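**Student:**
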Ligand code: 5GP
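Numbering (our numbering), first residue to last: 70 to 214.
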C-alpha cells in the first residue's frame, strides 16, 4: 500500500515555520533539533531535516547523509549534557511503525543502566524543565567548538 503524501500542516512543519514554539537546541540550513515535549527519558531530543519528507523512505538520500551527521553531532552533546552511559535512537515510519508525526525525525534519548524508557507519548514535560535541558545541550554543543 502506498504511503500518504507529505502534509505541510504537520506539527513539525509548523515548528519549522515558527508557528508553534519549541525548545531549540541546534539549527543550521538543513537541520533543526529541539526537545521532545513528551520525553521518554530526561534529555529526549528530536532532530529533523528542514526539507519536507514524511519519513525515511521518501527522503532524498543525500539529505539523509547530512541529517545523520547532525544526529551524531547533537547525540554527542546530549550524551555529554546528561552524563549518559548510552543513547537510544528511534526513527519510526507510518502508524504501523509507531510514527505519530509525519515529518521525518530521529529521536535521541540518553540512557543509564537500570533506568527504563517511559512510554512513547506518555505525558507532557514541564516547560521550565525542557528549557533548562535545552540550555544544557546548547552549552555542550558550544563546548564541541
Ligand atoms: P513519532 O512517533 O512520530 O516518532 O514521535 C513524535 C514525537 O513528537 C513524540 O515523541 C512526541 O512526544 C513528539 N511531539 C508531538 N508533538 C510535539 C510538539 O508539538 N512539540 C514537540 N517538541 N514534540 C512533539
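The beta-carbon is built from N, C-alpha and C at its ideal position, and this holds for glycine as well.
Keep in mind the model is a prediction, meaning the values are calculated, not measured.
Do residue 140 and residue 170 have their beta-carbon atoms positioned less than 8 angstroms apart in this structure?
**Tutor:** Along the chain shown, one-based indexing puts residue 170 at 101. Along the chain shown, one-based indexing puts residue 140 at 71. In this structure, residue 140 does not lie closer than 8 angstroms to residue 170 by Cβ.
**Student:** Within 10 angstroms of its Cβ, does residue 177 collect 16 or more other Cβ (buried), or is it exposed?
**Tutor:** Here residue 177 refers to the residue found at position 108 of the chain shown. Buried.
**Student:** In the segment 125-169, which residue ranges form an unbroken beta strand (DSSP E) of at least 3 residues, counting only runs that do not cross its ends?
**Tutor:** Complete beta strand (DSSP E) runs here, min 3: 155-159.
**Student:** Could you round the C-beta distance between residue 102 and residue 143 to whole angstroms and report it? I think they count as a contact, below 8 angstroms.
**Tutor:** In the chain shown, the residue the question calls residue 102 occupies position 33. In the chain shown, the residue the question calls residue 143 occupies position 74. 5 angstroms between Cβ atoms; contact.
**Student:** What residue from 203, 157 and 168 has the CA that sits closest to residue 185's CA?
**Tutor:** Taking the first residue of the chain shown as 1, we reach residue 185 at position 116. Residue 157 is the option with its Cα nearest to residue 185.
**Student:** In the DSSP output, which residue or residues are listed as bridge partners for residue 101?
**Tutor:** Against the chain shown, residue 101 aligns to sequence position 32. Answer by DSSP bridge pairing, in chain order: 96 and 117.
**Student:** I need the straight-line Cα distance from residue 202 to residue 132, nearest angstrom please.
**Tutor:** Taking the first residue of the chain shown as position 1, residue 202 is located at position 133. Taking the first residue of the chain shown as position 1, residue 132 is located at position 63. Their backbone Cα atoms lie some 27 angstroms apart in a straight line.
**Student:** For residue 105, count the other beta carbons within 10 Å of its own beta carbon; 16 or more makes it buried, fewer makes it exposed. Which is it?
**Tutor:** Position 36 of the chain shown holds residue 105. Counting Cβ neighbours within 10 Å, residue 105 comes out buried, since at least 16 surround it.
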